[in-house]
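Enquirer: Chains as they are written, first to last, in the numbering used here: chain A, 2 to 323; chain B, 2 to 425. Don't be surprised by glycine CBs; every beta carbon is placed ideally from N, CA and C.
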Amino acid sequence: MSTVMETHVPAEERIRSFFVRPRRSLATVRLKEKAIFFVLICCGIFSVLITIAIIGVLLSETITFFGFEEVSLKNFLGSAQWTPLLGATKSFGIWGLISGTLLITAIAMCFALPLGLITAVYLSEYAPRRVRSVLKPVLEVLAGIPTVVYGFFALTTITPILQWLHGGFNVYNAMSAGIAVGILCFPTVCSLAEDALQAVPSSLRDAAYGLGGTRFDTSVKVIVPAALSGIISAFLLAIARAIGETMIVALAAGSRPQMTLDPRDEIQTMTGFMVQMAGGDVSNFGTEYYSMYAVAFTLFVMTLSLTLIGNVIRKRFRETYE
Amino acid sequence: MSRSPTTNEEDIEARLKNAEPASNRSRMQKDRAFRWLCIAIATVSVLVLVALLTSIVVQGVPVISWTLLSGTPEPEPSEAGMFPALMGTIWICSLCALITLPIGVATAVLLEEFKPRTKVAAWSYSLIQLNISNLAGVPSVVYGILGLTAFVSMFSLFGNATQPGAAVWEWGATYYDQFSNLGSDPFLMMSDEVDERYFLVPVENRTNPPTVPTEGMMAYENSVAGLVPVEVHVADAMGDLPTDPEVLATSIDSAAVPGRISEKAWYYFQLPLGRGVLAGALTLMLVILPVIIISTQEALRAVPSSLRDGALGIGATPWQVVWNVTLPSAIPGIMTGSILAMSRAIGETAPILIIAGIVYIRTSPQHLMDSYTVMPLQIYNWTSRPQDEFHSLAAGGIVILLGILLSFNAVAVLIRHRMQKPLS
Numbered sequence: 002m003s004t005v006m007e008t009h010v011p012a013e014e015r016i017r018s019f020f021v022r023p024r025r026s027l028a029t030v031r032l033k034e035k036a037i038f039f040v041l042i043c044c045g046i047f048s049v050l051i052t053i054a055i056i057g058v059l060l061s062e063t064i065t066f067f068g069f070e071e072v073s074l075k076n077f078l079g080s081a082q083w084t085p086l087l088g089a090t091k092s093f094g095i096w097g098l099i100s101g102t103l104l105i106t107a108i109a110m111c112f113a114l115p116l117g118l119i120t121a122v123y124l125s126e127y128a129p130r131r132v133r134s135v136l137k138p139v140l141e142v143l144a145g146i147p148t149v150v151y152g153f154f155a156l157t158t159i160t161p162i163l164q165w166l167h168g169g170f171n172v173y174n175a176m177s178a179g180i181a182v183g184i185l186c187f188p189t190v191c192s193l194a195e196d197a198l199q200a201v202p203s204s205l206r207d208a209a210y211g212l213g214g215t216r217f218d219t220s221v222k223v224i225v226p227a228a229l230s231g232i233i234s235a236f237l238l239a240i241a242r243a244i245g246e247t248m249i250v251a252l253a254a255g256s257r258p259q260m261t262l263d264p265r266d267e268i269q270t271m272t273g274f275m276v277q278m279a280g281g282d283v284s285n286f287g288t289e290y291y292s293m294y295a296v297a298f299t300l301f302v303m304t305l306s307l308t309l310i311g312n313v314i315r316k317r318f319r320e321t322y323e
Numbered sequence: 002m003s004r005s006p007t008t009n010e011e012d013i014e015a016r017l018k019n020a021e022p023a024s025n026r027s028r029m030q031k032d033r034a035f036r037w038l039c040i041a042i043a044t045v046s047v048l049v050l051v052a053l054l055t056s057i058v059v060q061g062v063p064v065i066s067w068t069l070l071s072g073t074p075e076p077e078p079s080e081a082g083m084f085p086a087l088m089g090t091i092w093i094c095s096l097c098a099l100i101t102l103p104i105g106v107a108t109a110v111l112l113e114e115f116k117p118r119t120k121v122a123a124w125s126y127s128l129i130q131l132n133i134s135n136l137a138g139v140p141s142v143v144y145g146i147l148g149l150t151a152f153v154s155m156f157s158l159f160g161n162a163t164q165p166g167a168a169v170w171e172w173g174a175t176y177y178d179q180f181s182n183l184g185s186d187p188f189l190m191m192s193d194e195v196d197e198r199y200f201l202v203p204v205e206n207r208t209n210p211p212t213v214p215t216e217g218m219m220a221y222e223n224s225v226a227g228l229v230p231v232e233v234h235v236a237d238a239m240g241d242l243p244t245d246p247e248v249l250a251t252s253i254d255s256a257a258v259p260g261r262i263s264e265k266a267w268y269y270f271q272l273p274l275g276r277g278v279l280a281g282a283l284t285l286m287l288v289i290l291p292v293i294i295i296s297t298q299e300a301l302r303a304v305p306s307s308l309r310d311g312a313l314g315i316g317a318t319p320w321q322v323v324w325n326v327t328l329p330s331a332i333p334g335i336m337t338g339s340i341l342a343m344s345r346a347i348g349e350t351a352p353i354l355i356i357a358g359i360v361y362i363r364t365s366p367q368h369l370m371d372s373y374t375v376m377p378l379q380i381y382n383w384t385s386r387p388q389d390e391f392h393s394l395a396a397g398g399i400v401i402l403l404g405i406l407l408s409f410n411a412v413a414v415l416i417r418h419r420m421q422k423p424l425s
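Structure below.
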């Protein structure tokens, strides 16, 4: 029966003979189906394994890190002094890096969230079709630019402009990196928020207009509240992206971990520290090397919890319309 | 328009006459103001993009030259190029696509086409789904750290592997002991009667002790024509040299200690992987796998279920439905998603930086384990230097990189445009 399968028959013949050809034995077919399903399941499990591997690797290496004599959990969680490379006075206070990360994130979100939301409202509720058809691809282009390009832009364009506006800016400063991260996150916020706004059924819109609302009333009092869960999860995703952003801060924010609110100062973020460690010639088994894993673990926990919160919000607070 | 219930008709009239027009006007003004605000913000965001692209193009386009495309990174900016980085990008991304696409598409097919039947299956499916959406939110630098542990050093199961040549197990490499006919004889070195020639003796194992030269030993000469077998003579280091020039040219010192060299085929494989091309590609796989899975799921969902029902109705098995019906009709969508994911992989810097480190690479990768650099890494390298000449080199590199990415995007848009006719 397999010879029937393997010989070359014209396509029409094959279709015609589909109903008359001898059947392959059901057992063979079932076996094949089972084998393929098994392969597919393996691929599905693989993606779960990646998560397990991330958590396992980060946890075990972080435990190794805390096993070193000069490291203590109290120092790690209770100090803002991050000086792993300074010979005798090593201090591993993660807050020095977290504050840098949060400063960058805050600056970036000051730009990305309001601008992104307003642009999304404009695109979804106001914009004529022609403007939309121009702006959407522009946003897509922005989203596709590699982050190292944004880092270059921050260092060679934004920083000089800032220094020209105000003399107090360092060559490496939090402001310029923050603005670049904001530009990077802007398309994320905008397109996700726009999706959420578009998902609001037009019956709500019509009702609001029917009651005599202006476009502003409709979008601010009806559409945005209705899409709030989607908008918030877009915001959380953007924040997670800003926290995990690496190349911009590695290029433009500098490498001095410190707790400061001054955006003109040089700071270091968690990701910036990891890049510094990977790019340098630090031995592979020192405390500094393992501190990279502790930082990565902290970063992973932060972004993962943001993603999980986003999932919960999307699920629990989603308003469903028929 | 009145918001509170009123009983008095006059009151309503008064409201309509006095309050409403005023508040209406202010609402209209608000609406107009908001519209202008929106337009202003949209303009600003477009202007920022224009500023970004202009500043890079202005700095970058004058630098673009044949040298930049075909040269190697040099300490002198005017001679520097990014050919090794270009080749590295091609190696890394094609490997990454070859590995990621099957796994990603298979996972998406599992989630979309083989719906769970039992409660336990449904629960594990939603676990996988949640896991994938979480993986998409993990910062790529964390994947770099994972790749460093899992692929580069293989959880340190095989000892410290970040040092070159620390492989525990390998395949596809041939080791040779290399002798020079001039050997250690200082007098011969100075005379110009004899040309320097190299002879290679194959070695079984790289841990074997160095070959001891014996009379009549067969060796390969590393000449222009490739490896040519030659019979080698041995000359006593302390005694007289052979007088026959032919013999002299193929003589090596009896006390000569060879240098161990290796020739690696393109499929050269070692464990642990080390800071090589394959480790980089596998790490990038981790980064773009969720992207590919999610976009493939969307493409599969867009296939109308009437097609599936039709195929099932004529007696096809679930896999036959997927292979003959669903996948072929979802291919344009899958391709669009994969191209966009690949363009993300091309631009990804942080994980590659963690895996490869900042190293000075002047050759394009020759085999799967070779050290490499990629275009974004080269750009980062140039940008992080203080000199302005290197900054403009970086800008040139960025223009080339953006050119490649834009053409990728254009292909994706083209495919999306082509597939826009409905299937049902």
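Does any residue of chain B bring its CB to less than 9 Å from the CB of A:GLU289?
Expert: Residue mapping note: residue 289 of chain A aligns to position 288 of the first sequence, counting from 1. Not one chain B Cβ lies under 9 Å of A:GLU289.
Enquirer: Bridge partners of B:ILE253, per DSSP?
Expert: Reading the second sequence from its first residue, position 252 is the one you call residue 253 of chain B. Partner(s): B:VAL235.
Enquirer: Give the residues of chain B in contact with A:LEU184, contact being defined as C-beta atoms less than 9 Å apart.
Expert: Counting from one through the first sequence, the residue named residue 184 of chain A turns up at place 183. The question names Leu, yet the displayed sequence has Ile at residue 184 of chain A. Per Cβ cutoff of 9 Å: SER46, VAL49, LEU50 and LEU53.
Enquirer: Within the continuous beta strand (DSSP E) that includes B:GLN271, where are the two ends?
Expert: Position 270 of the second sequence, counted from the start, is the residue given in the question as residue 271 of chain B. Per DSSP, B:GLN271 belongs to the beta strand (DSSP E) from 260–272.
Enquirer: Can you tell which of A:VAL40, A:PRO85, A:VAL58 and A:VAL135 has the C-alpha that lies nearest to the C-alpha of B:THR44?
Expert: The residue you call residue 44 of chain B lines up with position 43 of the second sequence. For the residues A:VAL40, A:PRO85, A:VAL58 and A:VAL135, the minimum Cα distance to B:THR44 belongs to A:VAL135.
Enquirer: Look at the Cβ atom of A:ARG265, then the Cβ atom of A:ASN174, and state whether they are nearer than 9 Å.
Expert: On the first sequence, residue 265 of chain A is found 264 positions in, with the first residue counted as 1. On the first sequence, residue 174 of chain A is found 173 positions in, with the first residue counted as 1. Going by C-beta atoms, A:ARG265 is nearer than 9 Å to A:ASN174.
Enquirer: With a threshold of 16 other CB atoms inside 10 Å of the CB of B:TRP172, please say whether the residue is buried or exposed.
Expert: Translated into positions along the second sequence, residue 172 of chain B becomes position 171. B:TRP172 is exposed by the Cβ-count criterion.
Enquirer: With DSSP collapsed to three states, give me the class of B:LEU415.
Expert: Walking along the second sequence from the start, residue 415 of chain B turns up at place 414. Looking at B:LEU415 - three-state DSSP - the assignment turns out to be helix.
Enquirer: Please classify B:PHE304: does DSSP put it in a helix, a strand, or coil?
Expert: For this step, residue 304 of chain B is matched to residue 303 along the second sequence. First, the residue type needs correcting, since residue 304 of chain B is Val and not Phe in the sequence shown. Reduced to three states, the DSSP call for B:VAL304 is coil.
Enquirer: Buried or exposed: where does B:ARG4 fall if 16 or more other Cβ atoms within 10 Å of its Cβ makes it buried?
Expert: On the second sequence, residue 4 of chain B is found 3 positions in, with the first residue counted as 1. Residue placement at B:ARG4 is poorly supported in this model, since its pLDDT is 46, which falls under 50; the coordinates still yield a value, given next. B:ARG4 should be labelled exposed.
Enquirer: Could you tell me which residues DSSP puts in a beta bridge with B:ALA83?
Expert: Here the question's residue 83 of chain B lines up with position 82 in the second sequence. Per the sequence shown, the amino acid found at residue 83 of chain B is Met instead of Ala. Paired residue(s): none; B:MET83 is not in a bridge.
Enquirer: Give the interface partners of A:ALA54 over in chain B, defined as CB-CB distance under 8 Å, in chain order.
Expert: Reading the first sequence from its first residue, position 53 is the one you call residue 54 of chain A. LEU147 and ALA151, listed in chain order.
Enquirer: Would you call the stretch 83–101 of chain B in contact with the stretch 368–384 of chain B, where contact means no fewer than 3 C-beta pairs closer than 8 Å?
Expert: Output reads yes: the stretch 368–384 of chain B touches the stretch 83–101 of chain B.
Enquirer: Mind checking which residues open and close the alpha helix (DSSP H) that includes A:GLU195?
Expert: Against the first sequence, residue 195 of chain A aligns to sequence position 194. Unbroken alpha helix (DSSP H) run through A:GLU195: 175–200.
Enquirer: Can A:ALA279 and B:GLY281 be called in contact, C-beta distance under 9 Å?
Expert: If you number the first sequence from 1, residue 279 of chain A lands on position 278. If you number the second sequence from 1, residue 281 of chain B lands on position 280. Taking 9 Å as the Cβ cut-off, A:ALA279 and B:GLY281 do not qualify as a contacting pair.
Enquirer: Quick check on B:SER181: does DSSP put it in helix, strand or coil?
Expert: Mapped onto the second sequence, residue 181 of chain B falls at position 180. Strand at B:SER181.
Enquirer: Can you tell me the Cα-Cα spacing of A:ILE55 and B:TYR144, whole angstroms?
Expert: Against the first sequence, residue 55 of chain A aligns to sequence position 54. Against the second sequence, residue 144 of chain B aligns to sequence position 143. Approximately 8 Å between the Cα atoms of the pair.
Enquirer: Ends of the alpha helix (DSSP H) at B:PRO319?
Expert: Looking up residue 319 of chain B in the second sequence gives position 318. That run of the alpha helix (DSSP H) goes 319–322.
Enquirer: Which residues, in chain order, does the stretch 103–115 of chain A contribute to contact with chain B at a C-beta distance below 7 Å?
Expert: Listed by position along the chain: nothing, the set is empty.
Enquirer: Would A:ARG1 count as contacting chain B if we go by Cβ distances under 9 Å?
Expert: Residue 1 of chain A is absent from the structure shown; chain A starts at 2 and stops at 323.
Enquirer: What residues are listed by DSSP as bridge partners for B:ALA174?
Expert: Sequence index remark: in the second sequence, residue 174 of chain B carries index 173 (1-based). The partner list for B:ALA174 (beta bridge, DSSP) reads B:LYS265.
Enquirer: Determine, using beta carbons only, whether A:PHE154 and B:SER56 come nearer to each other than 9 Å.
Expert: For the purposes of this step, residue 154 of chain A is taken as residue 153 along the first sequence, with counting starting at 1. For the purposes of this step, residue 56 of chain B is taken as residue 55 along the second sequence, with counting starting at 1. A contact, by the Cβ cut-off of 9 Å.
Enquirer: Does any C-beta atom of chain B lie closer than 9 Å to the C-beta of A:LEU193?
Expert: On the first sequence, position 192 is the one that residue 193 of chain A refers to. A:LEU193 does not count as touching chain B.
Enquirer: Can you look up B:TYR373 in the DSSP assignment and give me helix, strand or coil?
Expert: Along the second sequence, one-based indexing puts residue 373 of chain B at 372. Of the three classes helix, strand and coil, the one that applies to B:TYR373 here is coil, per DSSP.
Enquirer: Can you grab the Cα-Cα spacing for the pair B:PRO117 / B:GLY338, in whole Å?
Expert: Counting from 1 along the second sequence, the entry for residue 117 of chain B is found at position 116. Counting from 1 along the second sequence, the entry for residue 338 of chain B is found at position 337. Cα to Cα, the separation comes out at about 25 Å.
Enquirer: Under a CB-based cut-off of 9 Å, is A:ALA128 close to chain E?
Expert: Considering every chain present, this structure includes no chain E. Its protein chains are A and B.
Enquirer: Under 9 Å between the Cβ atoms of B:PRO203 and B:TYR177?
Expert: Numbered from 1 along the second sequence, position 202 holds the residue referred to as residue 203 of chain B. Numbered from 1 along the second sequence, position 176 holds the residue referred to as residue 177 of chain B. In this structure, B:TYR177 lies closer than 9 Å to B:PRO203 by Cβ.
Enquirer: For B:GLU428, which residues from the same chain have a beta carbon less than 6 Å from its beta carbon, with the 5 sequence-adjacent residues on both sides left out?
Expert: Given a span of 2 to 425 for chain B in the structure shown, any question on residue 428 of chain B remains unanswerable.
Enquirer: Can you tell me the Cα-Cα spacing of A:ARG315 and A:LEU118, whole angstroms?
Expert: Residue 315 of chain A sits at position 314 when you count from the first residue of the first sequence. Residue 118 of chain A sits at position 117 when you count from the first residue of the first sequence. If I take the Cα positions, the gap works out to 17 Å.
Enquirer: For A:THR215 and B:ARG28, what's the separation of their Cα atoms in angstroms?
Expert: For the purposes of this step, residue 215 of chain A is taken as the residue at position 214 of the first sequence. For the purposes of this step, residue 28 of chain B is taken as the residue at position 27 of the second sequence. Cα-Cα distance, rounded: 7 Å.
Enquirer: Please determine, among A:GLY45, A:LEU60 and A:PHE112, the residue with the shortest C-alpha to C-alpha distance to A:LEU300.
Expert: Within the first sequence, the letter at position 299 stands for residue 300 of chain A. Checked all of A:GLY45, A:LEU60 and A:PHE112; the closest Cα to A:LEU300 is A:LEU60.
Enquirer: Within the same chain, show all residues whose beta-carbon is closer than 7 Å to that of B:ALA226, passing over the 5 residues directly before and after it, in chain order.
Expert: The residue labelled residue 226 of chain B in the question sits at position 225 within the second sequence. So the list is empty, once near-sequence residues are dropped.
Enquirer: Can you say whether A:CYS111 is buried or exposed, counting buried as having 16 or more other CB atoms within 10 angstroms of its CB?
Expert: As a position in the first sequence, residue 111 of chain A is number 110, starting the count at 1. Classification for A:CYS111: exposed.
Enquirer: Determine the contact status of A:VAL149 and B:THR90, defining contact as a CB-CB distance below 9 Å.
Expert: Counting from 1 along the first sequence, the entry for residue 149 of chain A is found at position 148. Counting from 1 along the second sequence, the entry for residue 90 of chain B is found at position 89. In this structure, B:THR90 does not lie closer than 9 Å to A:VAL149 by Cβ.
Enquirer: Taking the beta strand (DSSP E) that A:LEU124 belongs to, which residues open and close that run?
Expert: As a position in the first sequence, residue 124 of chain A is number 123, starting the count at 1. Premise fails: A:LEU124 is in no beta strand (DSSP E) and is neither H nor E.
Enquirer: Ignoring anything shorter than 4 residues or poking outside the stretch 192–267 of chain A, list the alpha helix (DSSP H) runs there in chain order.
Expert: Listed in chain order, they are 203–211, 229–245 and 248–253.
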